[in-house]
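There are 2 protein chains.
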Amino acid sequence: MKFEEQARAYRETIERYLASIYASFGEEPQKPIFEAANYSLLAGGKRLRPMLALEFCRICGRNPEEALPFAAAVEMIHTYSLIHDDLPCMDNDDYRRGRLTNHKVFGEGMAVLAGDALLTDAFAVAARAKLPEPGKIGEAIAILSECAGSLGMIGGQVLDIMSAQRACTEQEVLDIQSRKTGRLIVAPCVLGVIAGNGTEAQKEGAAGFASLLGLAFQIRDDILDVIGDAGELGKATGVDGDKNTFVRLYGLSSCEQLVKDYTARAIDCLKVFPDPSFLTELALSLTERKN
Amino acid sequence: MKFEEQARAYRETIERYLASIYASFGEEPQKPIFEAANYSLLAGGKRLRPMLALEFCRICGRNPEEALPFAAAVEMIHTYSLIHDDLPCMDNDDYRRGRLTNHKVFGEGMAVLAGDALLTDAFAVAARAKLPEPGKIGEAIAILSECAGSLGMIGGQVLDIMSAQRACTEQEVLDIQSRKTGRLIVAPCVLGVIAGNGTEAQKEGAAGFASLLGLAFQIRDDILDVIGDAGELGKATGVDGDKNTFVRLYGLSSCEQLVKDYTARAIDCLKVFPDPSFLTELALSLTERKN
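Order-wise, the sequence lines are chains A and S. 1 is the number of the first residue of the first sequence in the numbering used here; add one for each residue after it. 1001 is the number of the first residue of the second sequence in the numbering used here; add one for each residue after it.
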């Protein structure tokens, strides 16, 4: 199957699974919270993280759909982080993916709760995974939580806020972005390997690939904030002017090269897998992305 | 050991374990988020939920300390819910347990993140539990998530907000409070039985006890909002005047009787356990509590 065709098939599987989550909760009186959660969860997006979980499961030799609970859990956590990030007391954004942000539609209180619900419910979804070795579910949950928690993504957000008033060193920017974006890309890759019953060496390969891809991804994001089209991005551009971005650190043309370098190093980590062609093309496609 | 003595021993064990969680994260640059989380997590309180986890583990015949990861996880989730509840876009409270609320000390953005961190990190702590049957960790995580998530506690908060402008029926108030308070009392009891390798019948007994105790607890809370002393409670009283409380539904004197009735029914569920004397005394002590 060609890359584009496989990617589309994965995306359809993922959309169907994501749509089934709150639908399966039925006709509860608190339905408005399911609607607020779904408004952001089902707003499209690249579905990069869940796609990584499915493909890492597949290249370890198992049915990629066995990684769906992990894939969905990571996307739910990613979605909650966007809802809370957009709040007036955080980034105070009105638009996300070309639509009004969650609190603009449902109000601030409901947006806080919708984020909390997606985060909490994600762990019930992840715990549903049927693993080849059921005892490994604890390890998977711990990795998911650590990548998303105060040692991972939330830690990165805090560092970002703390450093907003000063110019960071290169090492600090790398640390902030590794946590803020990187860890929630590491999680689906490693969880995909766990769902696929892969080896420890494959877990390490997946983590290495994900960390480097995460940096390439974030640098591309910083570039798009400067050169991107607001319409295509679905959000305002030029908003990162005084932030500690890679563009501010290295300048635009060095950043273009860095995206390529990190992506090449990421692809190099895939040696421990028998057939990394989809992941290779996926990584390369991200270097050129417009949104 | 006498009840009071045992309760104090449990509380000390719990405080020590809770204090060790963020301390074990070490000297990370994002340390301020650990401090914000600890400000609320280590602010005292009855530690009712973790105590229940430990005691249910013990009466199933195992060392109560084996339930500490579950006990702490539930208390972290309880704490996050208080931080987010107190936010200006929610209840907008300035005081909690006699101290300034989290956002009053650390600012709104940090309070949102501190809540998110406690909620996320709770699952990593829970996943650390060493169970007699390691395969059951998935079940435990699913129960924890469902009790706290949009089918549980968050669902109850949403129903509470949705019904704020109208008078609810008795059934509605019971449903709201069962979710809002009850489910996060059910979680530690059932997780305690899982940590203790108890039977299905014991899990059901624990869940029944916890649901009824949760109602008694909430009715006592509503009573204290009317007759309690703000100094002893550490928060403002008389604030629930136009809310759908049990006092508004039944009146004060009926509520006093209801607390006793629900507590008696809760204790009746403990028949499936060999030695429920501590839990019996704990339940009875809550009927008389002043804060």
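Where is the CB? At the ideal position from N, CA and C, for every residue including glycine.
* Reduced DSSP category for ARG1248(S) - H, G, I as helix; E, B as strand; rest coil -> helix
* Asked: Would DSSP call LEU100(A) helix, strand or coil?
  -> strand
* To do: Indicate whether the contact test is met: 3 or more Cβ pairs, each with one atom in the stretch 55–69 of chain A and one in the stretch 268–285 of chain A, closer than 8 Å.
  => yes
* Asked: What residues match up with TYR1095(S) in a beta bridge as DSSP calls it?
  -> LEU1100(S)
* Asked: Count the other CB atoms within 10 Å of the CB of ILE1176(S); is the residue buried (16 or more) or exposed (fewer)?
  -> buried
* Asked: Going along chain S in order, which residues have a C-beta closer than 7 Å to the C-beta of HIS84(A)?
  -> VAL1112, ASP1116
* Cβ-based neighbour list, VAL247(A), same chain, cut-off 7 Å, excluding 5 preceding and 5 following -> ASP222, ILE223, VAL226, CYS255
* Asked: Taking the C-alpha atoms as reference points, what is the distance between ASN102(A) and SER40(A)?
  -> 7 Å
* Asked: Which residues bound the alpha helix (DSSP H) around ASN291(A)?
  -> Neither: ASN291(A) is in no alpha helix (DSSP H) and is coded neither H nor E.
* To do: Tell me where the alpha helix (DSSP H) around LEU1054(S) begins and ends.
  => 1048–1059
* Asked: Taking just the CA atoms, how far does GLY1135(S) sit from LEU1113(S)?
  -> 32 Å
* As assigned by DSSP and simplified to three states, the class of SER254(A) -> helix
* **Straight-line gap, ALA283(A) to ILE267(A) (C-alpha atoms, nearest Å)** => 7 Å
* Asked: Taking the C-alpha atoms as reference points, what is the distance between GLU15(A) and LEU42(A)?
  -> 7 Å
* **Among TYR1022(S), ARG1128(S), ALA1142(S), VAL1186(S), nearest to PRO1293(S) - alpha-carbon criterion** => Because residue 1293(S) is not part of the residues shown, which for chain S are 1001 to 1291, the question remains open.
* Among residues of its own chain, excluding the 5 on either side of GLY1238(S), which ones have a beta-carbon nearer than 8 Å to its beta-carbon? -> ASP1225, VAL1226
* **Minimum C-alpha distance to ALA1122(S) - residue among GLU172(A), SER20(A), GLU146(A)** => GLU146(A)
* What span of residues does the alpha helix (DSSP H) with LYS31(A) cover, start to end? -> 31–41
* Which class does THR1079(S) belong to by DSSP, given the choice of helix, strand or coil? -> helix
* Measuring CB to CB, does LEU87(A) end up less than 8 Å from ALA111(A)? -> yes
* Tell me whether PRO1132(S) is buried or exposed, calling it buried when 16 or more other Cβ atoms sit within 10 Å of its Cβ. => exposed
* Asked: Grouping DSSP H, G and I as helix and E and B as strand, with all else coil, what is GLY1155(S)?
  -> helix
* Express the C-alpha separation of LEU144(A) and ALA1124(S) in angstroms, rounding to a whole number. => 8 Å
* Beta-carbon gap between ILE21(A) and ALA1127(S) smaller than 8 Å -> no
* To do: Given a cut-off of 8 Å, decide if ARG1265(S) and ARG1220(S) are closer than it, judged by their beta-carbon atoms.
  => no
* Asked: Per DSSP, what kind of secondary structure is ASP1160(S) in: helix, strand or coil?
  -> helix
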